[in-house]
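Enquirer:
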Amino acid sequence: MAARLLRLRGLLRAAGPRPFSAQASPLQTEQHGTKRPEPSSAKSLVDIGIRRIFSSDHDIFRESARKFFQEEVLPFHAEWEKDGQVSRELWEKAGQQGLLGVAIAEKHGGIGADILSSAVVWEEQMYVNCTGPGFSLHSDIVMPYIANYGSEEQIKRFIPEMIAGKCIGAIAMTEPGAGSDLQGIRTYAKKDGSDWILNGSKVFITNGWMSDVVIVVAVTNREARSPAHGISLFLVENGTKGFIKGRKLNKIGLKAQDTAELFFEDVRLPASALLGKENKGFYYLMAELPQERLLIADMALASCEFMFEETRNYVKQAKAFGKTIAHLQTVQHKLAEMKTQICVGRAFTDNCLQLHADKRLDSSTASMAKYWSSDLQNSIATQCVQLHGGWGYMWEYPIAKAFVDARVQPIYGGTNEIMKELIARDMSVTSRERMLTTLENLPESFYISKYGIKIRPSRIENRDDASPVSHFNLRAFEGEFRERAGAAGEYFQIFPSAKKC
Numbered sequence: 000m001a002a003r004l005l006r007l008r009g010l011l012r013a014a015g016p017r018p019f020s021a022q023a024s025p026l027q028t029e030q031h032g033t034k035r036p037e038p039s040s041a042k043s044l045v046d047i048g049i050r051r052i053f054s055s056d057h058d059i060f061r062e063s064a065r066k067f068f069q070e071e072v073l074p075f076h077a078e079w080e081k082d083g084q085v086s087r088e089l090w091e092k093a094g095q096q097g098l099l100g101v102a103i104a105e106k107h108g109g110i111g112a113d114i115l116s117s118a119v120v121w122e123e124q125m126y127v128n129c130t131g132p133g134f135s136l137h138s139d140i141v142m143p144y145i146a147n148y149g150s151e152e153q154i155k156r157f158i159p160e161m162i163a164g165k166c167i168g169a170i171a172m173t174e175p176g177a178g179s180d181l182q183g184i185r186t187y188a189k190k191d192g193s194d195w196i197l198n199g200s201k202v203f204i205t206n207g208w209m210s211d212v213v214i215v216v217a218v219t220n221r222e223a224r225s226p227a228h229g230i231s232l233f234l235v236e237n238g239t240k241g242f243i244k245g246r247k248l249n250k251i252g253l254k255a256q257d258t259a260e261l262f263f264e265d266v267r268l269p270a271s272a273l274l275g276k277e278n279k280g281f282y283y284l285m286a287e288l289p290q291e292r293l294l295i296a297d298m299a300l301a302s303c304e305f306m307f308e309e310t311r312n313y314v315k316q317a318k319a320f321g322k323t324i325a326h327l328q329t330v331q332h333k334l335a336e337m338k339t340q341i342c343v344g345r346a347f348t349d350n351c352l353q354l355h356a357d358k359r360l361d362s363s364t365a366s367m368a369k370y371w372s373s374d375l376q377n378s379i380a381t382q383c384v385q386l387h388g389g390w391g392y393m394w395e396y397p398i399a400k401a402f403v404d405a406r407v408q409p410i411y412g413g414t415n416e417i418m419k420e421l422i423a424r425d426m427s428v429t430s431r432e433r434m435l436t437t438l439e440n441l442p443e444s445f446y447i448s449k450y451g452i453k454i455r456p457s458r459i460e461n462r463d464d465a466s467p468v469s470h471f472n473l474r475a476f477e478g479e480f481r482e483r484a485g486a487a488g489e490y491f492q493i494f495p496s497a498k499k500c
């Protein structure tokens, strides 16, 4: 395994992030010197070697990932659907194949590849229409919290085991009474000496049943001036006294993906279980949510591409009125409409992927990608089932599974109604209001090196002559905002020149 990971690291580092440009770089050309085809002109929307954001090194990695999902996942998925979970053996095989924690830094034991390499894994899973393995949540939602905010001890304890597939990760945000509104959570952690006592419950937790470590979002300061200022994250390991896993939830889709209820009854946690700093959890969540929403968007588009190709193959074989239904003009027009919609969505999503690779993806744009792509996924699923006729309603047909699996996409990761609210809010807030909101929500003191000014949120509230904020020329700072911040602190960004005190 070690030798394989070393080969993958060299390969994927060579792929590297590049600027998104209509002009092809050497890495964007094939061996014969031709430019990489766009999906609209490719023979298939799932072909290897298309899309300008990828390189030939990404293609080699994609071939390896595709082979894994076709040979190690697809043949066993129907049985896992009956079990309500995949096997632990699969997780370890994925680790051996180098498919877990692809974008985690090499210094932490990861491959150290770019986010585009992670996207290859997301997409290839959707191209086999197998939603059971919770690899994407484990690798690109849970692991970044530990890698970005964890102590050296926490990183060494969990990351290598998670990359090997021997420690399965989950994140517990949603509660019976709090979904998209993270500030409404009720799970509470109270200090008891140097320990914490955790009580509460979570629901709809992906990887929850099989999880070995769970990031739990909990309130730690009920007296904070806003809920956002009193939330912390904790690492809770399976087997901890008082940590109880409830039933595997019986969903209408995602049948092979274990989704569970979790309960915490007087769970005693040591100080070392706190992830990051006390009462800073909300800011960590806001910083990581754009990647989660981009992940959902890209997997939604990949599912659209799979469903289109599955349906195109079907209509070439199904017959009506003495000929295949692919010869019917109404079917041809429907396929043309769907392909156009998917290619338009793919162009925007690929742009978002490149923006994120360049660390320029903001919350509003990620929200656009998530809501548009997941809505499109459900629209394409409905149309593809219709083109299959009665057979599209049969569970043994892949399109039926894709149809029910699509329905949750506009719900989790923040409902699409919330996505639209965030986009609208970003449009209606002025740069000045955005700056003041961001300053007020800074989680700690920051030093703006360009101006030599120390900002303390507690003093910003008053805005009196003694407050550091009174010395700002706010207009001068407008140009410093390369990323947008939502009016309610949905996406937390500090000035590019800011350094911690």
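Using numbering that gives the first Met the number 0, the first residue of the sequence shown is number 0, and each one after it goes up by one.
We treat Cβ as the ideally placed atom computed from N, Cα and C, and that holds for glycine.
Counting Cβ pairs closer than 8 Å, one from the region 160–174 and one from the region 203–217, do we hit at least three?
Expert: Output reads yes: the region 203–217 touches the region 160–174.
Enquirer: Rounded to the nearest angstrom, what separates F60 and D191 at their Cα positions?
Expert: Computed Cα separation, rounded: 49 Å.
Enquirer: What span of residues does the alpha helix (DSSP H) with E70 cover, start to end?
Expert: Looking at the DSSP string, E70 is not in any alpha helix (DSSP H), and its letter there is neither H nor E.
Enquirer: Would you decide whether R221 is buried or exposed? Buried here means 16 or more other CB atoms lie within 10 Å of its CB.
Expert: Exposed, by the Cβ-count rule.
Enquirer: Closer than 8 Å is the cut-off here; do at least three beta carbon pairs connect the region 76–88 with the region 129–143?
Expert: Segments in contact, yes.
Enquirer: Could you check which residue in D46, E91, K322 and E123 has the C-alpha nearest to that of S63?
Expert: The residue with the shortest Cα to Cα distance from S63 is E123.
Enquirer: DSSP puts T205 in a beta bridge; with which residues?
Expert: For T205, which the question treats as bridged, DSSP gives the partners T258.
Enquirer: R65 to A177, Cα distance in whole Å?
Expert: When rounded, the distance between both Cα atoms is 37 Å.
Enquirer: Measuring alpha carbon to alpha carbon, tell me which of K315, I379, G108 and M161 ends up nearest C342.
Expert: The shortest C-alpha separation from C342 is found at I379.
Enquirer: Should H137 go down as buried or exposed, given a rule of 16 or more other Cβ atoms within 10 Å for buried?
Expert: Buried: at least 16 other Cβ atoms inside 10 Å.
Enquirer: Along the chain, where does the alpha helix (DSSP H) containing I341 start, and where does it finish?
Expert: That run of the alpha helix (DSSP H) goes Q328 to A356.
Enquirer: With a threshold of 7 Å on Cβ separation, who are the neighbours of K244 within its own chain once the five nearest residues in sequence on each side are excluded?
Expert: Around K244: G207, W208, A259 and L261.
Enquirer: Quick one: residues in its chain with C-beta nearer than 7 Å to the C-beta of V141, no 5 flanking neighbours on either side, listed in chain order?
Expert: Result list for V141: G168, A169, I170 and I214, in chain order.
Enquirer: In this structure, what does DSSP give as the bridge partners for S231?
Expert: According to DSSP, which records beta bridges pairwise, S231 is partnered with A217.
Enquirer: Here's the rule: buried if 16 or more other CB atoms are within 10 angstroms of the residue's CB, otherwise exposed. What is G321?
Expert: Answer is exposed; the Cβ neighbour count stays below 16.
Enquirer: Return the chain-ordered list of same chain residues with a C-beta closer than 7 Å to the C-beta of S366, the five sequence neighbours on each side being excluded.
Expert: R292, M418, L421 and I422.
Enquirer: Considering I170, what are the terminal residues of the beta strand (DSSP E) in which it resides?
Expert: From DSSP, the beta strand (DSSP E) with I170 extends over G168 to A171.
Enquirer: What is the DSSP secondary structure of A380, reduced to helix, strand or coil?
Expert: Of the three classes helix, strand and coil, the one that applies to A380 here is helix, per DSSP.
Enquirer: Per DSSP, A188 is paired with what?
Expert: In DSSP, A188 forms a bridge with L197.
Enquirer: Assign I251 to one of two classes, buried (16 or more other C-beta atoms within 10 Å of its C-beta) or exposed (fewer than that).
Expert: Exposed.
Enquirer: What would DSSP say about I243, mapped onto helix, strand or coil?
Expert: Three-state DSSP puts I243 in a strand.
Enquirer: With distances taken Cα to Cα, identify the nearest neighbour of V403 among M306, N312 and E264.
Expert: The candidate whose alpha carbon is nearest that of V403 is M306.
Enquirer: Say whether the region 350–362 touches the region 112–123, bearing in mind that this needs 3 or more beta-carbon pairs closer than 8 Å, one atom from each stretch.
Expert: The region 350–362 vs the region 112–123: in contact.
Enquirer: Below 8 Å between beta carbons: does that hold for Q382 and K333?
Expert: Yes. Within cutoff.
Enquirer: Could you check the C-alpha separation between K318 and Y126 for me, to the nearest Å?
Expert: Spanning the two alpha carbons is a distance of roughly 26 Å.
Enquirer: For the region 85–102 and the region 154–163, state whether three or more C-beta atom pairs, one from each stretch, are separated by less than 8 Å.
Expert: Contact between the region 85–102 and the region 154–163 is present, because at least three Cβ pairs lie under 8 Å.
Enquirer: Kindly indicate which residue of L360, D211 and A255 has the alpha-carbon position closest to the one of G238.
Expert: Comparing Cα-Cα distances from G238 to each of L360, D211 and A255, the minimum goes to D211.
Enquirer: Is the Cβ-Cβ distance between S373 and T348 less than 8 Å?
Expert: It is not a contact, given that the beta carbons lie outside the stated cut-off.
Enquirer: For a test of the three-state rule: what should DSSP assign to V314, helix, strand or coil?
Expert: Three-state DSSP puts V314 in a helix.
Enquirer: Among G344, L274 and A299, which one has its Cα closest to the Cα of F157?
Expert: Selected option, being the one with the closest Cα: L274.
Enquirer: Near Y392, what residues of its chain come up, given a Cβ to Cβ distance below 8 Å and the 5 sequence neighbours on each side ignored?
Expert: Excluding sequence neighbours, Y392 sits near V384 and A399.
Enquirer: For L44, name the three-state secondary structure that DSSP assigns.
Expert: Three-state DSSP puts L44 in coil, outside helix and strand.
Enquirer: Name the residue from G109, E151, S150 and K155 whose alpha carbon lies nearest to the alpha carbon of D139.
Expert: Nearest option by C-alpha distance: G109.
Enquirer: If you check the beta carbons only, do D265 and I154 fall under 8 Å apart?
Expert: No.
Enquirer: In three-state terms, what does DSSP make of F157?
Expert: Three-state result, F157: helix.
Enquirer: Reducing DSSP to helix, strand and coil, say where F263 ends up.
Expert: Correct three-state label for F263: strand.
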